[in-house]
Amino acid sequence: MKMELLAPAGNMEKLKAAILFGADAVYLSGKEFGLRAFSDNFTLDEMISAVMFAHEHHVKVYVTVNVYARNNDLKALPEYLRQLQQIRVDAIIISDPGVVMIAQETVPGLPIHISTQANTTNWAAVKFWEAQGIQRIVLARELSWPEIREIHEKAETVELEAFVHGAMCMSYSGRCLLSNYLTGRDANQGACAQACRWNYALMEQKRPGEYFPIFEDERGSYIFNSKDICLLTQIPLLYRAGICSLKVEGRMKSAHYVATIIKVYRQALDAYERDPEHWHVDDGWLREIGRVSHRDYTTGFFMGDDFQDARVNLESNENGRSHDFVGLVLGYAPSSKRLLLEQRNHFRKDELLEFVPPKEENFTAAAADLRNMAGEAVDAAPHPQEHVTIHSDRPIPPWTLVRRA
């Protein structure tokens, strides 16, 4: 079975990064009806360009229409769905049964995937959606792999998709009211304030002002603060469970994050499909996924419920990473041996940098003979998105990421 690698695309740059670094499909949102209001998201014109670029690279595009719709949302929905069909998106992702009904009436030929927000946790629910003509279910993140395998065995004609990497929500299948209650920003309308990441402590009613930390830490306790899920080491079990699509979370993450994670999972999946019997976890893959911004990794619920504390980091809500993204390769001039870079973070002349090409192995090289676009030698590239050149004897392809330890 060929497994699909499904990548997040918060904007056009991230979409291109995901595709060029190995995604089989991407998911994105328009300016309305999605659950990531603070992602850049796509206008209709941008979505047209995104679909064209993806299809040119034989990659599918799925559009999220997974908002928990209110009455007012339904007025503009049919026309929006018709526009998605006209621009040839490959599927829409929906959580609300009413939106499913309207989509089937309005765009009957457009495949529907049921969002993880629908919290599908059993085979009977999967068969219910199958009876409604649904092609794919994005399973709830609370399931273990034996549960997923049983679902597949009892509803084997339905495609099953599962999140395998990225941030986890402490609420059941993402149905959270905490943000709305504390800040007025509704997570179910795409505006989550991530209140679950905040610092909390307990106070006893008869002892006002006297706080009792749940964990011995002078800063308080992060009682809702989930770790990031990572199932890279569990790829054989993902195949055995009957999952057809591995979904990476992160429409609000950087292009560096998306490209790095997708490249690692692409390598791991390709290695498994070449030789499943001798597949093993490469230490280089594990090092690589530690180089992007992330919280501590956990297998979440996938391995069962035996390690509850392993899913929550009580000590801190900080992200960690070992490398900084400093630039993106735009092009290479063989005649002058000059490499054109777009700066993303400050770096200096002769600084040792790591280059991460889409298809080749990573390598390191110094930022030799750093020059601005006027051809003047400079000591540093300090300005965001400034274009600079460096000397390189080695041709380096566009979209290569540049970073430093």
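Numbers 750 to 1154, taken from the working numbering, label the letters of the sequence shown in order.
C-beta atoms are modelled at their ideal positions from N, C-alpha and C, and glycine is treated no differently.
Given the structure is predicted, the values throughout are model-derived calculations rather than measurements.
Report the rounded CA-to-CA distance for residue i versus residue j, giving the unit in angstroms.
{"i": "C979", "j": "W1034", "result": "12 angstroms"}
{"i": "I841", "j": "R819", "result": "19 angstroms"}
{"i": "E1156", "j": "G999", "result": "Nothing can be reported for residue 1156: it is not among the residues displayed for the chain, which extend from 750 to 1154."}
{"i": "A1123", "j": "F1112", "result": "28 angstroms"}
{"i": "I886", "j": "S864", "result": "7 angstroms"}
{"i": "K765", "j": "A803", "result": "8 angstroms"}
{"i": "V997", "j": "Y988", "result": "16 angstroms"}
{"i": "M1052", "j": "D1024", "result": "24 angstroms"}
{"i": "T855", "j": "E1091", "result": "44 angstroms"}
{"i": "E805", "j": "I768", "result": "10 angstroms"}
{"i": "S1071", "j": "A911", "result": "27 angstroms"}
{"i": "V913", "j": "L981", "result": "7 angstroms"}
{"i": "V875", "j": "T1047", "result": "26 angstroms"}
{"i": "M850", "j": "K824", "result": "14 angstroms"}
{"i": "R890", "j": "N1121", "result": "48 angstroms"}
{"i": "L1063", "j": "V1041", "result": "Annotation note: pLDDT 48 at L1063 (below 50); position unreliable, coordinate value reported separately. Taking the straight line from one Cα to the other gives about 21 angstroms."}
{"i": "E902", "j": "A990", "result": "9 angstroms"}
{"i": "R968", "j": "K1002", "result": "Bear in mind that the predicted position of R968 carries a pLDDT of just 47, short of 50, making it too unreliable to give a figure here."}
{"i": "V734", "j": "K1098", "result": "Since the first residue of the chain shown is 750 and the last is 1154, residue 734 is not available in this structure."}
{"i": "I836", "j": "M796", "result": "8 angstroms"}
{"i": "P1158", "j": "H1005", "result": "Not covered by the structure: residue 1158. The range shown for the chain is 750 to 1154."}
{"i": "S798", "j": "G858", "result": "22 angstroms"}
{"i": "D1045", "j": "M917", "result": "11 angstroms"}
{"i": "G915", "j": "I1038", "result": "11 angstroms"}
{"i": "V838", "j": "E1103", "result": "36 angstroms"}
{"i": "Y1021", "j": "I984", "result": "8 angstroms"}
Is it buried or exposed for residue i, if we count other Cβ within 10 angstroms and need 16 for buried?
{"i": "S970", "result": "Any reading at S970 needs caution, since the residue's pLDDT is 48, under 50, leaving its predicted position unreliable; the model's value is listed next. It is buried - the Cβ of S970 has at least 16 other Cβ atoms within 10 Å."}
{"i": "P757", "result": "buried"}
{"i": "S1084", "result": "exposed"}
{"i": "A873", "result": "exposed"}
{"i": "M801", "result": "exposed"}
{"i": "R1036", "result": "exposed"}
{"i": "D1128", "result": "exposed"}
{"i": "L833", "result": "buried"}
{"i": "V808", "result": "buried"}
{"i": "G847", "result": "exposed"}
{"i": "A1154", "result": "exposed"}
{"i": "K751", "result": "exposed"}
{"i": "A852", "result": "buried"}
Which residues in the same chain as residue i place their Cβ atom closer than 7 angstroms to its Cβ, once the five residues preceding and following it in sequence are excluded?
{"i": "L986", "result": "W894"}
{"i": "N1094", "result": "D1073, F1074 and V1075"}
{"i": "L754", "result": "G771, A772, D773, L995, I1011, Y1014, R1015 and L1018"}
{"i": "P827", "result": "I851 and T855"}
Identify whether residue i lies in helix, strand or coil by the three-state DSSP scheme.
{"i": "T1138", "result": "strand"}
{"i": "Y757", "result": "In the sequence as presented, Tyr is not what sits at residue 757; that position holds Pro. Correct three-state label for P757: strand."}
{"i": "V816", "result": "coil"}
{"i": "V849", "result": "helix"}
{"i": "E1110", "result": "coil"}
{"i": "L777", "result": "strand"}
{"i": "S798", "result": "helix"}
{"i": "V1007", "result": "helix"}
{"i": "G691", "result": "This structure leaves residue 691 out entirely; the chain is present only between 750 and 1154."}
{"i": "E998", "result": "coil"}
{"i": "A1116", "result": "coil"}
{"i": "F1104", "result": "strand"}
{"i": "T1047", "result": "strand"}
{"i": "F877", "result": "helix"}
{"i": "L986", "result": "helix"}
{"i": "R1036", "result": "helix"}
{"i": "L833", "result": "helix"}
{"i": "V856", "result": "coil"}
{"i": "R1152", "result": "strand"}
{"i": "A1017", "result": "helix"}
{"i": "A803", "result": "helix"}
{"i": "A1123", "result": "coil"}
{"i": "W894", "result": "helix"}
{"i": "P1025", "result": "helix"}
Let me check one thing: in DSSP terms, what residues is residue i bridge-paired to?
{"i": "C979", "result": "H914"}
{"i": "K809", "result": "A774"}
{"i": "E908", "result": "R885"}
{"i": "E1091", "result": "L1077 and H1136"}
{"i": "I861", "result": "I841"}
{"i": "A1130", "result": "F1096"}
{"i": "F791", "result": "G779"}
{"i": "G1069", "result": "H1043"}
{"i": "A825", "result": "In the DSSP output, where bridge partners are listed per residue, A825 has none listed."}
{"i": "A1082", "result": "R1087"}
Please tell me whether residue i has its Cβ less than 8 angstroms away from any Cβ of chain C.
{"i": "K903", "result": "Given the protein chain composition of this structure (a single chain), no chain C is represented."}
Given residue i, which residues of its chain have a CB within under 6 angstroms of its CB, disregarding the five upstream and five downstream residues?
{"i": "E1100", "result": "A1116"}
{"i": "I883", "result": "I861 and I863"}
Report all residues from its chain with a CB closer than 8 angstroms to the CB of residue i; omit the five preceding and five following residues, and keep chain order.
{"i": "S1141", "result": "Y1081, K1086, R1087, L1088, A1114 and A1117"}
{"i": "C993", "result": "M750, M752, E753, R885, E908, L909 and E910"}
Cβ of residue i versus every heavy atom of the ligand GTP: is any distance shorter than 7 angstroms?
{"i": "D1019", "result": "For the structure depicted, the ligand GTP is absent and the ligand set is empty, with no information on it obtainable."}
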